[in-house]
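Using full-length UniProt numbering, read the sequence shown as starting at 1 and increasing by one per residue. For each residue, glycine too, the CB sits at the ideal point set by N, CA and C. Here is the structure we will look at, set down as structure tokens.
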Amino acid sequence: MARPNFLIIVADDLGFSDIGCFGGEIKTPNLDKLGAAGTRFTGFHTASACSPTRAMLMSGTDHHLAGVGQMVEFMTAGSKAQQAYWKDKEGYEGELNRKVAALPELMKDAGYFTLMSGKWHLGLTKATAPCSRGFDRNFSMLHGGHNHYAFEPQVQPSDASDVDEGPGSPLRNPGKPPLYMEGDQFIPASSLPADFYSTETFTDRLVEYLEGRSPTEKQAPFFAYLPYTAPHFPLQAPDRLIAKYKGRYDAGPEVLRVERIEHLKRLGLIPQNVHPHPMVPHFKTKNWVDLAEDERKKSAKMMEVYAAMVESIDENVGKVVEYLKTTGEFENTFIMFISDNGAEGGLLEARPMFGERVQNAIKKYYDNSLENIGRGNSYVYYGPRWAQAATAPSRLYKTWITEGGIRTPCIVHYPKYKQANITHAMTTCLDLLPTMLELAGATHPSETGNGVFRGRKVLPVRGKSWVPLLSGAASEVYPDDYAICWELFGQQAIRKGDYKAIFIPKPMGSGKWELYNVAADAGEVTNIAAKEPLRLESMITEWSAYALNSNVVEMPPSPLGGGSKKGKGGAAGAKL
Numbered sequence: 001m002a003r004p005n006f007l008i009i010v011a012d013d014l015g016f017s018d019i020g021c022f023g024g025e026i027k028t029p030n031l032d033k034l035g036a037a038g039t040r041f042t043g044f045h046t047a048s049a050c051s052p053t054r055a056m057l058m059s060g061t062d063h064h065l066a067g068v069g070q071m072v073e074f075m076t077a078g079s080k081a082q083q084a085y086w087k088d089k090e091g092y093e094g095e096l097n098r099k100v101a102a103l104p105e106l107m108k109d110a111g112y113f114t115l116m117s118g119k120w121h122l123g124l125t126k127a128t129a130p131c132s133r134g135f136d137r138n139f140s141m142l143h144g145g146h147n148h149y150a151f152e153p154q155v156q157p158s159d160a161s162d163v164d165e166g167p168g169s170p171l172r173n174p175g176k177p178p179l180y181m182e183g184d185q186f187i188p189a190s191s192l193p194a195d196f197y198s199t200e201t202f203t204d205r206l207v208e209y210l211e212g213r214s215p216t217e218k219q220a221p222f223f224a225y226l227p228y229t230a231p232h233f234p235l236q237a238p239d240r241l242i243a244k245y246k247g248r249y250d251a252g253p254e255v256l257r258v259e260r261i262e263h264l265k266r267l268g269l270i271p272q273n274v275h276p277h278p279m280v281p282h283f284k285t286k287n288w289v290d291l292a293e294d295e296r297k298k299s300a301k302m303m304e305v306y307a308a309m310v311e312s313i314d315e316n317v318g319k320v321v322e323y324l325k326t327t328g329e330f331e332n333t334f335i336m337f338i339s340d341n342g343a344e345g346g347l348l349e350a351r352p353m354f355g356e357r358v359q360n361a362i363k364k365y366y367d368n369s370l371e372n373i374g375r376g377n378s379y380v381y382y383g384p385r386w387a388q389a390a391t392a393p394s395r396l397y398k399t400w401i402t403e404g405g406i407r408t409p410c411i412v413h414y415p416k417y418k419q420a421n422i423t424h425a426m427t428t429c430l431d432l433l434p435t436m437l438e439l440a441g442a443t444h445p446s447e448t449g450n451g452v453f454r455g456r457k458v459l460p461v462r463g464k465s466w467v468p469l470l471s472g473a474a475s476e477v478y479p480d481d482y483a484i485c486w487e488l489f490g491q492q493a494i495r496k497g498d499y500k501a502i503f504i505p506k507p508m509g510s511g512k513w514e515l516y517n518v519a520a521d522a523g524e525v526t527n528i529a530a531k532e533p534l535r536l537e538s539m540i541t542e543w544s545a546y547a548l549n550s551n552v553v554e555m556p557p558s559p560l561g562g563g564s565k566k567g568k569g570g571a572a573g574a575k576l
């Protein structure tokens, strides 16, 4: 068989149980077909936020080494002292650095036609954009987020020509619009399609690139990267899709959470005896029954819009699949669908990295009336309760090192290997690069000779190939004695076999290391640290070695960073 094509699709802030084949009620027939005919991964793990995950996808190594040790939005927010703290820290450049060989660079050198359409979030300059990291064709949104209808009235000027750098954040300061690029050229917002809707436009452009391949390019296999910005806030979707969910969420997030857990059990995706983590009332959010009627209506409408965004993703995945079937390329295409982290449960006005200007801009420029929620001139996000319905039975959501923040849905469809399968194996986003290289018959430069790639020394890969797992030669990817570690926002975790230790600094956490048997306790409900002190001590020691070898930088101490001092084996933290 010829070398496979690759289609890698990334949803943005999608919850574990949002799509149908992972227990959701949202209509996702195209993804469900891929899941039913392919392999569903219930143990797939990412970073707890977007750009660190993307750095690992593109490098196969830890994000602290690849240049995104911390979110650039976080490092450039706050006081000048806090910004100075992060400056010139190795591995904290805020972009995919040159110490790694980027996945598209490797695939291009292996003879692949490489193309991308969607969110980059790994650099805002031409030198760090997709055009400079191996993509033959790209239509990209460089920032971490944007208006899905390209409605940015708070940004002046609307032309991107004079803003080729800067971190950007939701509802940016004037003069910092979201940056779009096609090829090696920045695109002013005024030149985007008049009917721009992120999910549809990104998909259409990817299909156009595939259709427009030259005869020579068609002779080569392709690597297509389709990272959507949905369902990341602001929650916006076509009216026709929103209408399909009218009234569906009137019972509230607590009821939806129970429904999804039961569906997950029926599908065999979680244990029948699972003990879900209780819903946490973050930001002093109220139970559904305690909300006023108008509050319930608005909240339910936000969830209706969110569901419509997810259905739009599914529709557009269907477009690409149909194209591949039409060209006869579907059967030889490795398709992977994931989310970059858990569902987004934050309230922007409560986050130090964004501040009160979020609410000021929304009040000035947007219409968040009930009837208008979901349109391009609305700006809403659904909060921690709906997010915890999406991440159930896990604990919490995006930005948290708990399972709710780092465990996401994953589907692999590749007809060459066993189909209609569910695997509970522990896997990570680090594994994509080595898996693709093995299937493509390519070798990472760190495994050949002196590890030099395009004239520079590059870091080795830390992920592991899934080929043995997918082919049926193995049932696991990582042995039980292998340590997998995380750190972001001062929160830390280590996984070895069935056990996971986590450290969440005060005031958002206990400020002490906790230990869970996540195989028996998927909700991370029962802390067994007191019962297994030797196991925990050993895991803390291994995490500390990881931090040293990965250039993990401690969070700035209070009051500089707003966090707690370092606990035993743990870096200082910051209130999220």
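Item, Value
"Have a look at the DSSP bridge pairing and note the partners of A483.", "K496"
"Please list the terminal residues of the continuous beta strand (DSSP E) segment that includes E528.", "In the sequence as displayed, the identity of residue 528 is Ile instead of Glu. I528 -> no beta strand (DSSP E), and no H or E assigned at all."
"Assuming S48 and W400 are in contact, meaning their beta carbons sit under 8 angstroms apart, how far apart are those beta carbons, in whole angstroms?", "6 angstroms"
"Alpha carbon to alpha carbon, how far is L439 from D109? Give it in angstroms, no decimals.", "15 angstroms"
"Roughly how many angstroms lie between the CA atoms of I8 and A530, to the nearest whole one?", "42 angstroms"
"Rounded to whole angstroms, what's the CA-CA distance from residue 578 to I540? Just pull it up for me.", "For the chain, the structure presents residues 1 to 576; residue 578 sits outside this window and is missing."
"Taking DSSP as the reference, what is the three-state secondary structure of W513?", "strand"
"Near D32, which residues of its chain fall below 6 angstroms by C-beta distance, leaving aside the five closest residues on each side in sequence?", "G20, C21"
"Output the boundary residues of the beta strand (DSSP E) element that contains F223.", "222–227"
"Below 8 angstroms on the Cβ atoms is my guess for E73 versus G144; work out the distance and round it to an integer in Å.", "6 angstroms"
"Could you tell me if I422 is buried or exposed, where buried requires 16 or more neighbouring beta carbons within 10 angstroms of its beta carbon?", "exposed"
"Which residue marks the beginning of the beta strand (DSSP E) containing I335, and which one marks its end?", "333–339"
"Can Y180 and S140 be called in contact, C-beta distance under 8 angstroms?", "yes"
"What is the DSSP secondary structure of D159, counted as helix, strand or coil?", "Because the pLDDT at D159 is just 40, under 50, the model does not fix this residue reliably, and the point stays unresolved."
"Would you call the CB atoms of D13 and P238 closer than 8 angstroms?", "no"
"Quick check: the Cα distance between A84 and N551, rounded to an integer number of angstroms?", "18 angstroms"
"If you follow the beta strand (DSSP E) that G118 is in, where does it begin and where does it stop?", "113–119"
"So if DSSP puts M141 in a beta bridge, which residue, or which two residues, is it bridged to?", "K119, Y180"
"Within 10 Å of its beta-carbon, does G43 have 16 or more other beta-carbons around it, so buried, or fewer, so exposed?", "buried"
"Look at the alpha carbon of residue 610 and the alpha carbon of Y249, and state the distance between them as a whole number of angstroms.", "The structure shown has nothing for residue 610, since the chain only spans 1 to 576."
"Return yes when the Cβ of Q82 is within less than 8 angstroms of the Cβ of P556, no when it is not.", "yes"
"Could you give the first and the last residue of the continuous alpha helix (DSSP H) run that contains I187?", "Looking at the DSSP string, I187 is not in any alpha helix (DSSP H); the run it does join, the beta strand (DSSP E), is 185–187."
"State the start and end residues of the unbroken alpha helix (DSSP H) segment that holds F233.", "Unbroken run through F233: none, as it is neither H nor E."
"Quick check on the DSSP output: what are the complete alpha helix (DSSP H) runs of length 4 or more inside the region 341–412, in order along the chain?", "357–365, 383–391, 403–406"
"Rounding to the nearest angstrom, what Cα-Cα distance links A392 and V274 in this structure?", "10 angstroms"
"Could you give the first and the last residue of the continuous alpha helix (DSSP H) run that contains F41?", "It is not in any alpha helix (DSSP H) - F41 instead sits in the beta strand (DSSP E) that spans 39–41."
"For F135, count neighbouring C-beta atoms within 10 Å of its own C-beta (all shown protein chains included) and say buried if the count is 16 or more, exposed if not.", "buried"
"F223 and Y112: beta carbons closer than 8 angstroms?", "yes"
"Just checking my contact of L459 with K99 at CB under 8 angstroms: how many whole Å lie between their CB atoms?", "5 angstroms"
"Can you tell me where the alpha helix (DSSP H) with N549 in it begins and where it stops?", "533–549"
"Residues in the same chain with beta-carbon distance under 6 angstroms from A571, minus the five sequence neighbours each way, listed in chain order, please.", "Summary for A571: the model assigns pLDDT 37, below 50, so the residue's position carries little reliability; its value from the coordinates is reported in the next sentence. Only G490, E554, M555 meet the Cβ criterion."
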